[in-house]
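Each remark here refers to the structure printed beneath this line.
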Amino acid sequence: IGLFFLKVLDWTEGLAARYDARLGPLRPVVAGLMVAGLLMLEPRLFGTGQDVTNSLLNSERITAIVGGGELWWVLMLLAVGKAVATSLTISSGASGGAFMPSLFMGAAVGTAFARIFEPVFAFDLEPGAFAVVGMAAMFAVVAKAPLTAILIVFEITGARDYGLILPLMLTAVLGSFLADRLSRDSIYTLALRRMGIQVRKAGEVDLLDTIDVRRVMRPPDYVASPGDSLEHASAQLSAARSHGTPVVDSGELVGIVTVTDINRSDGDPATVRVSDVMTPRPVTVVPSTPVSQALERMAVLGVGRLPVVDEHEPARLVGLFRREDAVRAYHEALGSSTDIGLERARLAQRTDPGAGYYDFRIPPGSIADNRRVGEVSWPEGSTLVSVRRGREVLVPRGSTLLRAQDVVTAFGTSDSKQRMIDRLNSGADEPTAEIPILEMAESPLVSEENPADEGESDA
């Protein structure tokens, strides 16, 4: 029910934004008439629902509130109706809030759960306790704040049964966990995403995700051969001040040998060969691997270096990635992010207030999905700058075909940014939002689609 509430709210807000220009001041009137129709069918949906919630917490008053009979389906209908009525109210522009309605829905669903499973047990269940647990679970789902849900619900209900703490914690944490994986937004971030504000968690942006291994890898100072003696390999590693090196045979990577491998050998270093002590088939990375992923592999394996092989020829060695290269990658990423921010600040000083570059991802089903740039009616005050598809960046022309998940970079005013979001969300299965700049790492490959087609105008 909590995810249903989020989906309905997202859908009604998108619908309201789409028809806002047509309805104008009639927008709250239309939504109000819809809510009035629901209230005529079910008057108990009126207001915040606090009276109904209090009655559900009082087991003796439940039957009087919902009318007896098959109580569980009546309660479920109340929860669904409250989700629809609250969504219509909020999307109309009215500041009704969602906290108390979410508690209403949680209490109704929790009580319905108790009524459904009561025949299974040999004793009577306490519906009021299930209502309290349902309230915490529902608010944890819609707000994605399990600790807040546990503390607030326990406090406002005046619960004195401390045996409820464990069920409250379990349902709130489980509900929040499932909501995180099934919906990326909470009820408080839906509107922000529609405004182009992408709310990100503190740990989501890793500077090392923006640097590829190819930018910091170096050729090994010494490449061993399987037939080299341990004496020769040890001397070469010592001269290169290296602890390990790849082993290549006939141009193909066959293993990796380290000083530790050499020291573990009991044989004569002059006669024992590298092939006898090396680690065959080592874990490798390719030049396009982000440094963050390379570091993760090194940490899991407990090694200090990884061979870098060709993208298309996995046996061909092209370089070596070491721990010290990760430090250089971090400084390079930090400098790049600072340079990007400074450059944007300089551009902002030279342009009108509010003008700037904005990045958007085309959602599946969007009006721009599977259409050419020239076929889309772009908002006034905005200009397409680039289209990023995977690791390739296209210079957009009228004939450039756009696809779902393409990242579009546009330049325009802040007003055009919101119009661009609304335009891309038209018909979309899942709304888009502005992408933070740190996600837009510079790509090593830039191409222009149909460069010889001089008849097409730039977007």
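Residue numbers (my numbering): 82 to 540.
Where is the CB? At the ideal position from N, CA and C, for every residue including glycine.
Keep in mind the model is a prediction, meaning the values are calculated, not measured.
Which two residues bound the contiguous alpha helix (DSSP H) that contains residue i?
i: ILE448; result: First-last for ILE448: undefined, no H or E at that position.
i: GLY191; result: 180 to 198
i: PHE258; result: 246 to 263
i: GLY118; result: 108 to 122
i: GLY95; result: 83 to 99
i: VAL355; result: 355 to 358
i: ALA133; result: It should be noted that the sequence gives Val, not Ala, for residue 133. First-last of the alpha helix (DSSP H) with VAL133: 131 to 138.
Could you pull out every residue in the same chain whose Cβ sits closer than 7 Å to the Cβ of residue i, ignoring the five residues on either side in sequence?
i: ARG142; result: Because ARG142 carries a pLDDT of 49, less than 50, the predicted location of this residue cannot be relied on, and the following value inherits that uncertainty. SER136, listed in sequence order.
i: LYS163; result: LEU126, GLY130, PRO182, PHE185, MET186
i: LEU104; result: VAL111
i: ILE343; result: LEU311, ALA314, SER315, VAL358
i: THR229; result: none
i: ALA449; result: ILE443, VAL457, LEU483, LEU505
i: PRO388; result: PRO327, LEU334, ILE337, PRO363, THR365, LEU398, LEU401
i: LEU138; result: ALA188, GLY209, ALA212, VAL213, THR238
i: THR481; result: ARG453, VAL454, VAL468, LEU475, GLU530
On the DSSP letters alone, give me the boundaries of the beta strand (DSSP E) that residue i sits inside.
i: GLU473; result: 473 to 476
i: THR464; result: 463 to 470
i: VAL161; result: No beta strand (DSSP E) contains VAL161, which is instead part of the alpha helix (DSSP H) from 152 to 172.
i: GLY215; result: Run containing GLY215: none in the beta strand (DSSP E); it sits in the alpha helix (DSSP H), 208 to 224.
i: LEU334; result: 333 to 339
i: VAL384; result: Neither: VAL384 is in no beta strand (DSSP E) and is coded neither H nor E.
i: GLU326; result: Residue identity differs from the one stated: residue 326 is Thr in this sequence, not Glu. Taken as a continuous stretch (DSSP letters only), the beta strand (DSSP E) holding THR326 covers 325 to 330.
Short of 6 Å in beta carbon distance, which residues of its chain neighbour residue i, apart from the five on each side in sequence? Order them along the chain.
i: ALA321; result: ASP302, TYR303
i: VAL190; result: ILE82, ALA160, GLY215
i: GLU333; result: ALA396
i: TRP92; result: none
i: ARG500; result: PRO460
Bridge partners for residue i per DSSP, in chain order?
i: LEU398; result: VAL390
i: VAL488; result: ARG442, ARG469
i: SER310; result: ARG354
i: ARG403; result: ARG386
i: ARG299; result: LEU401
i: ALA305; result: VAL328
i: VAL294; result: DSSP lists no partner for VAL294.
i: LEU482; result: ARG453
i: VAL372; result: DSSP, once it has assigned bridges, lists no residue as partnering VAL372.
i: VAL366; result: VAL389
i: PRO227; result: According to DSSP, which records beta bridges pairwise, PRO227 is partnered with nothing at all.
Measure from the alpha carbon of residue i to the alpha carbon of each residue in the options, then state which is nearest.
i: VAL468; options: ARG453, PRO460, SER458; result: ARG453
i: GLY244; options: PHE402, SER267, ALA226, PHE211; result: PHE211
i: ALA193; options: MET181, PRO182, GLY209, SER183; result: GLY209
i: LYS225; options: ILE268, ARG470, ARG99; result: ILE268
i: GLN131; options: ALA188, GLY174, LEU122, ARG99; result: ALA188
i: GLY383; options: THR170, THR341, ASP503; result: THR341
i: SER369; options: GLU392, ALA351, ARG362; result: GLU392
i: ALA166; options: ASP101, PRO109, SER323; result: PRO109
i: ARG478; options: ARG484, VAL466, PRO350, ASP406; result: VAL466
i: LEU156; options: THR134, ILE233, ALA175, LEU387; result: THR134
i: GLY256; options: MET219, ILE231, ILE237, ASP290; result: MET219
i: ARG442; options: ASN506, MET379, LEU232, THR494; result: ASN506
i: PRO460; options: ALA491, MET298, THR270; result: ALA491
i: ARG196; options: VAL223, SER168, VAL222, TRP154; result: TRP154
i: LEU318; options: THR494, PRO361, THR339; result: THR339
i: LEU152; options: VAL389, PHE198, MET121; result: PHE198
i: PHE86; options: LEU263, MET121, ARG378; result: LEU263
i: ASP330; options: ASP309, SER346, GLY385; result: ASP309
i: ASP487; options: ASN451, LYS498, THR270, THR464; result: ASN451
i: GLY493; options: ASP440, SER480, VAL408; result: ASP440
i: SER374; options: ALA410, VAL353, ALA351; result: First, the residue type needs correcting, since residue 374 is Gln and not Ser in the sequence shown. Comparing Cα positions, the closest option is ALA410.
i: VAL297; options: VAL254, ALA380, MET379, VAL408; result: VAL408
i: ASP101; options: GLY118, SER172, LEU247; result: SER172
i: LEU96; options: THR252, PRO300, SER168; result: SER168
i: GLU473; options: VAL489, GLU377, LEU158; result: VAL489
i: ASP406; options: GLU394, LEU90, LEU376; result: LEU376
i: ALA221; options: LEU247, THR252, PRO248; result: THR252
i: VAL254; options: SER480, VAL234, GLY455, PRO227; result: PRO227
i: ALA179; options: PRO300, ARG470, THR270, ALA305; result: THR270
i: VAL223; options: PRO248, ASP266, ILE246, GLY471; result: ASP266
i: PRO106; options: LEU84, GLY174, GLU94; result: GLY174
Any heavy atom of the ligand ADP within a distance shorter than 7 Å of the CB on residue i?
i: ALA380; result: Questions concerning the ligand ADP fall outside what the structure shown contains, since it holds no ligand whatsoever.
What residues in its chain sit with their C-beta under 8 Å from that of residue i, if we drop five residues either side in the sequence?
i: ASP293; result: PRO368, SER369, THR370, PRO371, VAL372, PRO525
i: ARG354; result: PRO307, GLY308, ASP309, SER310, LEU311
i: GLY385; result: HIS324, GLY325, MET379, ARG403, ARG404
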